[in-house]
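Take a look at the structure set out below.
There are 2 protein chains.
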Amino acid sequence: MKSNKTTIHDISKALNIDSSTVSRALNNSPRVSEKTRKKIRQKALELGYQRNSLASNLRTNKTHTIGVIVPRISRNFFATVIAGIEETAYEAGYNVVICQSLESLERETKFMDTLLSNRVDGVLISISMETTSYEHLLAFKQHGGPIVFYDRPCHIENCTSVSIDDFQASYNATKHLIEQGCKHIAHFSGPQEIELYKNRKKGFITALEDHNLLYKEAYCFESGLSSNDGIEIAKKIVKLKQIDGIYSANDTAAISAMQYLKSKGIQIPNDIAVVGFNNDPISAVIEPGLTTVNQPDFEMGNIAATELIKQIQNKTANSEKDSIILSSELIVRNSSNK
Amino acid sequence: MKSNKTTIHDISKALNIDSSTVSRALNNSPRVSEKTRKKIRQKALELGYQRNSLASNLRTNKTHTIGVIVPRISRNFFATVIAGIEETAYEAGYNVVICQSLESLERETKFMDTLLSNRVDGVLISISMETTSYEHLLAFKQHGGPIVFYDRPCHIENCTSVSIDDFQASYNATKHLIEQGCKHIAHFSGPQEIELYKNRKKGFITALEDHNLLYKEAYCFESGLSSNDGIEIAKKIVKLKQIDGIYSANDTAAISAMQYLKSKGIQIPNDIAVVGFNNDPISAVIEPGLTTVNQPDFEMGNIAATELIKQIQNKTANSEKDSIILSSELIVRNSSNK
DNA sequence: ACAAAAAATACAATCGATTGTATTTTAAAT
DNA sequence: ATTTAAAATACAATCGATTGTATTTTTTGT
Chain A
1 MKSNKTTIHD
11 ISKALNIDSS
21 TVSRALNNSP
31 RVSEKTRKKI
41 RQKALELGYQ
51 RNSLASNLRT
61 NKTHTIGVIV
71 PRISRNFFAT
81 VIAGIEETAY
91 EAGYNVVICQ
101 SLESLERETK
111 FMDTLLSNRV
121 DGVLISISME
131 TTSYEHLLAF
141 KQHGGPIVFY
151 DRPCHIENCT
161 SVSIDDFQAS
171 YNATKHLIEQ
181 GCKHIAHFSG
191 PQEIELYKNR
201 KKGFITALED
211 HNLLYKEAYC
221 FESGLSSNDG
231 IEIAKKIVKL
241 KQIDGIYSAN
251 DTAAISAMQY
261 LKSKGIQIPN
271 DIAVVGFNND
281 PISAVIEPGL
291 TTVNQPDFEM
301 GNIAATELIK
311 QIQNKTANSE
321 KDSIILSSEL
331 IVRNSSNK
Chain B
339 MKSNKTTIHD
349 ISKALNIDSS
359 TVSRALNNSP
369 RVSEKTRKKI
379 RQKALELGYQ
389 RNSLASNLRT
399 NKTHTIGVIV
409 PRISRNFFAT
419 VIAGIEETAY
429 EAGYNVVICQ
439 SLESLERETK
449 FMDTLLSNRV
459 DGVLISISME
469 TTSYEHLLAF
479 KQHGGPIVFY
489 DRPCHIENCT
499 SVSIDDFQAS
509 YNATKHLIEQ
519 GCKHIAHFSG
529 PQEIELYKNR
539 KKGFITALED
549 HNLLYKEAYC
559 FESGLSSNDG
569 IEIAKKIVKL
579 KQIDGIYSAN
589 DTAAISAMQY
599 LKSKGIQIPN
609 DIAVVGFNND
619 PISAVIEPGL
629 TTVNQPDFEM
639 GNIAATELIK
649 QIQNKTANSE
659 KDSIILSSEL
669 IVRNSSNK
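Top line first, the protein sequences correspond to chains A and B.
276 is the number that this note's numbering gives to position 276 of the first sequence; each next residue is one higher, with no gaps.
Count along the second sequence from 1, then add 338; that gives the number in this note's numbering.
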């Protein structure tokens with residue numbers, strides 16, 4: 001069953017011009033005279049010709065498409081990074097295929113496979129919370145193309161990571177709580193296999209130590225940092241009865257915890273001060289406003305995409321830089337303003 | 339420059355078996371004996387073979403990919419719809435390509451073009467606020483495949499729209515404000531070329547009329563319903579000094595308006611009651627909680643994708659149904675609880 | 001053991017575009 | 001007018017997989 005779409009051969013036949021010339025004309029090759037180029041363009045329009053990218057990509061071995069793997073598209077931070085990626089890609093003439101890992105390694109692996117099959121030119125990825133082995137990434141790197149990590153750095157040979165300095169941001173956030181007078185600070189952390197969460201935790205611990213506060217493992221709660229996780233941890237914190245500060249590695253968990261604490265009559269920031277991470281839009285709306293770390297999300301997308309495209313076009317596919325560090329800032333609101 | 343990737347021909351040569359047999363083996367065709375199938379599978383694994391989907395898709399004229407055009411990915415409602423689409427597509431073995439129109443007709447048109455070039459099997463689209471002409475959609479419908487509209491219905495021949503009953507939802511929301519005692523209700527509306535906003539406005543007006551309230555054109559504010567638009571309109575409303583209720587066609591504008599009004603010392607809901615649309619997560623966190631219309635967002639994605647895939651596979655590409663209407667509900671919170 | 005049927009595999013065309021090389025046409029130079 | 005160079009176009013192979021048809025091999029029945 002033949003597809004009804006117009007091909008260069010249809011144009012070729014209609015004008016009695018070889019299809020190679022038609023192809024060149026449509027690609028503005030200087031090898032075609034202005035006169036025939038016009039004729040071909042005209043006929044193409046007339047027949048409603050639309051290039052078949054599959055054929056073109058097969059032949060040229062390029063798709064001008066980049067794959068993006070994101071843990072969850074509905075997180076504002078990621079949605080904004082994607083918007084940044086998209087902007088840069090669009091301007092550079094690249095298409096973007098977005099895949100949600102939903103924090104599942106299995107899905108992530110399948111998507112890397114599909115992206116490889118579809119011969120995307122490169123991949124931008126923020127690894128899932130389950131990702132502790134890297135074969136699927138290495139496989140792509142070997143047979144596919146460059147990979148650039150964003151937000152969650154990952155040290156694979158010849159791959160660049162674009163992120164903020166999580167250690168430092170975390171250190172500053174914790175220091176801020178200490179300066180507000182908090183003595184017993186809890187930390188909401190993510191899976192320790194993920195470097196980002198390890199770094200945030202390290203920053204937290206180091207800040208405590210530098211200010212002569214004791215770090216207690218019992219005050220560090222590791223979870224997936226979902227809304228539900230925030231509530232569950234908040235429950236435990238209420239029972240502990242000693243916590244006077246919370247530093248959460250993301251806003252999602254911080255916000256649900258805040259809501260739970262408020263519902264239990266706990267005063268924020270007076271009883272417990274709270275600091276989050278990501279500057280989610282909700283953090284500015286909740287009362288009291290949530291102090292949080294603002295990351296250059298949109299810009300992170302721009303930069304990661306720019307770096308990837310550079311690597312794609314250099315064809316060396318080897319990154320000079322292991323990591324690109326963007327600056328972040330602590331936005332102080334009332335949730336920590338004792 | 340040859341790509342270094344393994345092809346069926348490499349496997350074919352390595353085993354001295356024809357490539358057609360290799361292809362069939364890898365596709366589990368019954369025409370290949372179990373013995374050689376195993377041998378081929380084994381060798382494929384050994385050589386790190388990865389099917390080239392470009393070639394396959396070119397030959398079969400199917401991509402198992404659906405295009406999704408979304409106004410803005412960072413709006414929670416859309417992000418959730420996409421998650422729903424993605425879930426269904428993933429289960430059915432379809433890939434999803436997501437494109438952000440950013441409410442621009444130009445971008446939307448370019449994307450439809452690209453999707454057509456890339457031969458996606460079908461498209462799910464929520465048209466941009468600028469989309470008042472449909473040539474780009476008709477072109478895809480003619481040469482491409484089925485189109486299913488979600489959220490923002492669009493009546494093109496043989497296309498299905500999946501949405502809620504905006505008129506009714508709007509009617510109920512307005513009725514609710516009236517029942518709370520509001521007499522001078524303002525409406526934040528979107529571009530009237532978009533059926534969705536027209537319907538929401540109609541529902542608003544009809545509810546007023548049914549309750550013997552005068553509809554004033556001056557109380558209806560048309561905009562892009564962005565955060566900024568909400569603030570600008572709120573400013574005007576403060577100047578009017580008569581408004582005692584706001585019904586906004588989305589939460590984004592309602593929320594920023596609420597914040598502006600609060601900053602001006604206006605009491606919500608006592609001075610002005612507010613109702614929004616979409617049940618954005620922020621609406622549950624802002625104080626007072628924003629009364630809003632909850633749409634089955636995730637489910638809408640599921641259903642739209644299911645319908646599209648059905649049409650793709652039926653190959654008739656003709657929809658039986660012009661529209662699929664999902665039910666919505668008004669979530670009453672304190673912003674309208676006088 | 002042999003013909004017929006069934007199973008397994010090989011051959012070859014094809015999807016639609018790109019591109020190196022060959023050929024023809026046009027223009028420039030003598 | 002004729003040679004030469006340059007410009008324009010045609011030819012043909014190719015990208016990697018799929019698939020209808022042909023051929024070979026194996027199995028079955030008698």
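Quick reminder that beta carbons are idealized off the backbone N, C-alpha and C, glycines included.
Is any beta-carbon of chain A found at less than 8 angstroms from that of residue i?
i: B:Ala417; result: yes
i: B:Ser412; result: yes
i: B:Ile349; result: no
i: B:Ser674; result: no
i: B:Ala363; result: no
i: B:Lys343; result: yes
i: B:Leu393; result: It should be noted that the sequence gives Ala, not Leu, for residue 393 of chain B. So, interface residue.
i: B:His474; result: no
i: B:Asn550; result: no
Among the options, which has the Cα closest to the Cα of residue i?
i: A:Lys43; options: A:Ile69, A:Arg72 and A:Thr7; result: A:Thr7
i: A:Ala89; options: A:Phe167, A:Ser12, A:Gly122 and A:Ser170; result: A:Gly122
i: B:Leu701; options: B:Ser358, B:Asn617, B:Ser394 and B:Leu364; result: Summary: the structure shown does not reach residue 701 of chain B, with chain B confined to residues 339 through 676, and so no result is reported for it.
i: B:Asp504; options: B:Leu664, B:Leu454 and B:Lys343; result: B:Leu664
i: A:Ile339; options: A:Asn278, A:Ile246, A:Thr252 and A:Asp280; result: For chain A, the structure presents residues 1 to 338; residue 339 of chain A sits outside this window and is missing.
i: A:Asp229; options: A:Thr252, A:Leu54 and A:Phe298; result: A:Thr252
i: B:Val613; options: B:Gly483, B:Ile516 and B:Val406; result: B:Ile516
i: A:Glu209; options: A:Arg152, A:His184, A:Gly144 and A:Tyr260; result: A:His184
i: B:Ile650; options: B:Leu551, B:Leu628, B:Cys497 and B:Leu578; result: B:Cys497
i: B:Gly639; options: B:Ile407, B:Asn390 and B:Ser394; result: B:Ile407
i: B:Ile404; options: A:Ile98, A:Arg41 and A:Asp271; result: A:Ile98
i: B:Asp697; options: B:Asp618, B:Leu599 and B:Glu570; result: The displayed coordinates of chain B run from 339 to 676. Any statement about residue 697 of chain B would go beyond what the structure contains.
i: A:Pro71; options: A:Leu105, A:Lys202, A:Leu330 and A:Tyr49; result: A:Leu105
i: A:Leu330; options: A:Leu213, A:Gly181, A:Gln168 and A:Asp322; result: A:Gln168
i: A:Asn172; options: A:Gly181, A:Thr206 and A:Gly145; result: A:Thr206
i: B:Leu353; options: B:Ser394, B:Ala595, B:Thr374 and B:Ser367; result: B:Thr374
Hey, does residue i have any beta-carbon neighbour from chain B nearer than 8 angstroms?
i: A:Val285; result: yes
i: A:Tyr228; result: Checking the sequence, you will find Asn at residue 228 of chain A rather than Tyr. It does not: the Cβ of A:Asn228 has no partner Cβ on chain B nearer than 8 angstroms.
i: A:Ile255; result: yes
i: A:Lys241; result: no
i: A:Asn52; result: yes
i: A:Leu58; result: yes
i: A:Ala14; result: no
Just to confirm before moving on: does the CB-CB distance between residue i and residue j stay below 8 angstroms?
i: B:Arg457; j: B:Thr398; result: no
i: B:Tyr432; j: B:Ile647; result: yes
i: B:Ala611; j: B:Ser527; result: no
i: A:Ala186; j: A:Tyr215; result: no
i: B:Phe487; j: B:Ser508; result: no
i: B:Met467; j: B:Glu495; result: no
i: B:Phe636; j: B:Thr418; result: yes
i: B:Leu453; j: A:Leu54; result: no
i: A:Phe140; j: A:Met112; result: yes
i: B:Glu645; j: B:Ile662; result: yes
Could you check how far apart the C-beta atoms of residue i and residue j are, in whole angstroms? I think they sit under 8 angstroms.
i: A:Ile255; j: A:Ser226; result: With 8 angstroms as the limit, A:Ile255 and A:Ser226 do not qualify as a contact, their Cβ atoms being about 11 angstroms apart.
i: A:Ile82; j: A:Ile40; result: Between A:Ile40 and A:Ile82 the Cβ distance is about 38 angstroms, and since that is not below 8 angstroms, they are no contact.
i: A:Glu352; j: A:Gln242; result: The first residue shown for chain A is 1 and the last is 338, placing residue 352 of chain A beyond what the model contains.
Closer than 9 angstroms, Cβ to Cβ, to anything on chain A: give me those residues from the segment 640 to 670 of chain B, in chain order. none
When Cβ atoms are compared, which residues of the segment 97 to 120 of chain A fall closer than 7 angstroms to chain B? Val97, Ile98, Gln100, Thr114, Leu116, Ser117, Asn118 and Arg119
Scan the segment 38 to 50 of chain A for residues whose Cβ lies nearer than 7 angstroms to a Cβ of chain B and list them as they occur along the chain. Gly48 and Gln50
Given a limit of 8 angstroms on CB to CB distance, which residues of the segment 602 to 619 of chain B reach chain A? Pro619
What residues in the segment 476 to 489 of chain B have a beta carbon less than 9 angstroms from any beta carbon of chain A? Ala477, Gln480, His481 and Gly482
In chain order, what residues of the segment 79 to 95 of chain A put their CB closer than 7 angstroms to some CB of chain B? Ala79, Thr80, Ile82, Ala83, Glu86 and Asn95
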